[in-house]
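Structure first, commentary second.
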Amino acid sequence: MSGSDRDEGDDEQVGRIDRQVTSARRDEEGRLTRWFLLTGRRMVVSASLLVFILAVLVGLSVLRPIDVRVLLAETSTTENLFNTLLSGTILLVSIVVSINSVVLSQEITDIESQRDRVDASIKYRKRLGELVEEEITPARPAEFLRVILHVVFERTQRLQNLAAEQGDEDLQHDIEPFVTDVFVQVGRARTTLSDTRSGTFGVLLVGLNYDHSEQLRALRMLDRTYRDDLTEEQRAVVDDLVETLKYLAIGREYFKSIYYKQELARLSSRILYVSLPSIVFISYVILSLDTDLLPDVMMFTLTPLLLFVLLAYTVALAPYIVLTSYILRASTITLRTVAAGPFILQSGPQDTDRETIEHALDWEAFEDEEE
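So this is what it looks like as structure tokens:
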């Protein structure tokens, strides 16, 4: 069978898994939640939050009308509110610019540090090229990740075929959950890559959902249980899988660091873009509160003064909402990528680990020494 035929067969098998995973994935995590926390453009999310806040404030004013003329008879309270928001906006801009300056200072290093960074990147790509048996690995992050996923899929399929040829039913039974997990996660990753833009964040989304820690753990358990039964070829495939998953983990952390730098730069620029109009508008609101330029009319318990104050308050919150939308995505990514190599930090079943440790440790000898 030619290489192209094998690739087409792999694509067909993973394609079937893609269709199964897509529907399950939609049930597992709501589209709206995923858009709000991860995939949505941050400025669109911020605008949606501002519209929601304004709608809630207007709705509360309609359902529970308040005599605004009495409420705003003493304008010092409203002025103090907007003065506080104005001071907070200026302080927020200063903090964001300061943090951005600290991050930028880390990029300004000597030539030796830059050389070490470039050498490490080239060494990483060269070693990965040896694993995938290609002289040159793709430069684009999405294509780069597709190569790694294809290697994981191909090696797993090879391990499954070798176990079937050996005829060890126990080995086949223990390999099957690992094989299924790899096929499902590779299919899920391909679906994510096809649904997102091919930038750093699209690659990071794949890393968020790919549980390489559990697969590394399964390979260690397999090697420990069948250490004397595996053939040299099977052991070589297992070693290749471990190395490939390690490089997948390293790549995810690298792309995450790049993403954080890009996101912080975007946050700084967006805060500056939003804050300047907000500061000007808040200043105008503070100066205009003492005037009686707005007509004294009412419609659906709403007055022009009430709508003006609610709109001004919503605009004053814009810098904080932009900051919130970016922090929500950054914190979500951090929480979903807490796994460190072979360690599993998320909550999950622990019975297998506990049973393995209990059998591996010589507790009887320890108890004899205590007696």
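Convert by adding 4 to the 1-based position in the sequence shown; the result is the number in our numbering.
Ideal Cβ positions, reconstructed from N, Cα and C, are used throughout, including at glycine.
Task: Between the CA atoms of Y263 and V207 - distance to the nearest angstrom - done: For the purposes of this step, residue 207 is identified with residue 203 of the sequence shown, where counting begins at 1. For the purposes of this step, residue 263 is identified with residue 259 of the sequence shown, where counting begins at 1. Going from the Cα of V207 to the Cα of Y263 covers about 10 Å.
Task: Closest by C-alpha distance to L220, when choosing among F259, I179 and G92 - done: Counting from 1 along the sequence shown, the entry for residue 220 is found at position 216. Just measuring C-alpha positions, the residue of F259, I179 and G92 sitting nearest L220 is I179.
Task: T86, enclosing alpha helix (DSSP H) - first and last residue - done: Taking the first residue of the sequence shown as 1, we reach residue 86 at position 82. A small fix is needed here, since residue 86 is Phe in this sequence, not Thr. Taken as a continuous stretch (DSSP letters only), the alpha helix (DSSP H) holding F86 covers S80 to E111.
Open item on the list: Less than 7 Å separating the Cβ of E257 from some heavy atom of the ligand GTP?
Closed with: Inclusion of the ligand GTP in the displayed structure is not the case, the ligand content being empty and no account of it being possible.
Task: the stretch 329-337 in contact with the stretch 39-49 per 3-pair CB rule at 8 Å - done: Contact holds between the stretch 329-337 and the stretch 39-49, because three or more Cβ pairs, one in each stretch, are under 8 Å apart.
Open item on the list: So, for T141: in the same chain, excluding its five sequence neighbours on each side, which residues have a beta-carbon less than 7 Å away from its beta-carbon?
Closed with: What you label residue 141 is simply residue 137 of the sequence shown in a count that begins at 1. Answer for T141: R129, L132, G133, F148 and V151, listed in chain order.
- [ ] Report the three-state DSSP secondary structure of L149 (helix, strand or coil).
- [x] One-based indexing of the sequence shown puts residue 149 at position 145. Here L149 sits in helix by DSSP.
Open item on the list: For V186 and T160, which I take to be in contact (beta-carbon distance under 8 Å), what is that distance rounded to the nearest angstrom?
Closed with: Numbered from 1 along the sequence shown, position 182 holds the residue referred to as residue 186. Numbered from 1 along the sequence shown, position 156 holds the residue referred to as residue 160. That belief holds up - the Cβ atoms of V186 and T160 are roughly 4 Å apart, short of 8 Å.
Open item on the list: Would the stretch 88-103 count as touching the stretch 306-323 if we require 3 or more Cβ pairs under 8 Å?
Closed with: Flag = yes, the stretch 88-103 and the stretch 306-323 touch.
Task: CA-to-CA distance, V55 to L89, given in whole angstroms - done: Mapped onto the sequence shown, residue 89 falls at position 85. Mapped onto the sequence shown, residue 55 falls at position 51. Each residue's Cα considered, the two are about 19 Å apart.
- [ ] With a cut-off of 8 Å on the beta carbons, I'd call G211 and T341 a contact; round off their distance for me.
- [x] Against the sequence shown, residue 211 aligns to sequence position 207. Against the sequence shown, residue 341 aligns to sequence position 337. Taking a contact as a CB-CB distance under 8 Å, the pair G211 and T341 counts as one, their CB atoms being some 7 Å apart.
Open item on the list: Can you list, in chain order, the residues of its chain with a C-beta nearer than 8 Å to that of L58? Leave out the 5 residues immediately preceding and following it.
Closed with: Position 54 of the sequence shown, counted from the start, is the residue given in the question as residue 58. L314, L315 and T318.
Task: L214, DSSP secondary structure in three states - done: Counted from its first residue, the sequence shown places residue 214 at position 210. What sits at residue 214 in the sequence shown is Tyr, not Leu. Looking at Y214 - three-state DSSP - the assignment turns out to be coil, as it is neither helix nor strand.
TODO: Check whether the Cβ atoms of T248 and L85 sit closer than 8 Å, and answer yes or no.
DONE: Indexing the sequence shown from 1 puts residue 248 at position 244. Indexing the sequence shown from 1 puts residue 85 at position 81. With contacts defined as CB atoms closer than 8 Å, T248 and L85 fail to qualify as a contacting pair.
Open item on the list: For S52 and K260, what's the separation of their Cα atoms in angstroms?
Closed with: One-based indexing of the sequence shown puts residue 52 at position 48. One-based indexing of the sequence shown puts residue 260 at position 256. In a straight line, the C-alpha of S52 is about 26 Å away from that of K260.
- [ ] Have a look at V241, I126, R144 and K127 and flag the residue whose alpha-carbon is nearest the alpha-carbon of R162.
- [x] For the purposes of this step, residue 162 is taken as residue 158 along the sequence shown, with counting starting at 1. Minimum Cα distance to R162 is reached at V241.
Task: Assumed close pair R192, N213 - CB separation to whole angstroms, cut-off 8 Å - done: Here the question's residue 192 lines up with position 188 in the sequence shown. Here the question's residue 213 lines up with position 209 in the sequence shown. Yes, R192 and N213 are in contact; Cβ-Cβ is about 6 Å, under 8 Å.
Open item on the list: At the level of alpha carbons, what is the spacing between T196 and V49?
Closed with: Residue mapping note: residue 196 aligns to position 192 of the sequence shown, counting from 1. Residue mapping note: residue 49 aligns to position 45 of the sequence shown, counting from 1. Taking the straight line joining both Cα atoms gives about 20 Å.
Open item on the list: Please tell me whether R46 and R333 are closer than 8 Å, where the distance is taken between their beta carbons.
Closed with: Locating residue 46 in the sequence shown gives position 42, where the first residue counts as 1. Locating residue 333 in the sequence shown gives position 329, where the first residue counts as 1. Yes, Cβ-Cβ distance for R46 and R333 is below 8 Å.
Task: Exposed unless 16 or more other CB atoms sit within 10 angstroms - verdict on G34 - done: Along the sequence shown, read from residue 1 onward, the residue named residue 34 stands at position 30. A residue is called buried when at least 16 other Cβ atoms come within 10 angstroms of its Cβ; G34 does not meet this threshold and is exposed.
Task: Under 8 Å between C-beta atoms of K265 and V107 - done: Within the sequence shown, numbered from 1, the residue matching residue 265 stands at position 261. Within the sequence shown, numbered from 1, the residue matching residue 107 stands at position 103. Contact flag set, yes.
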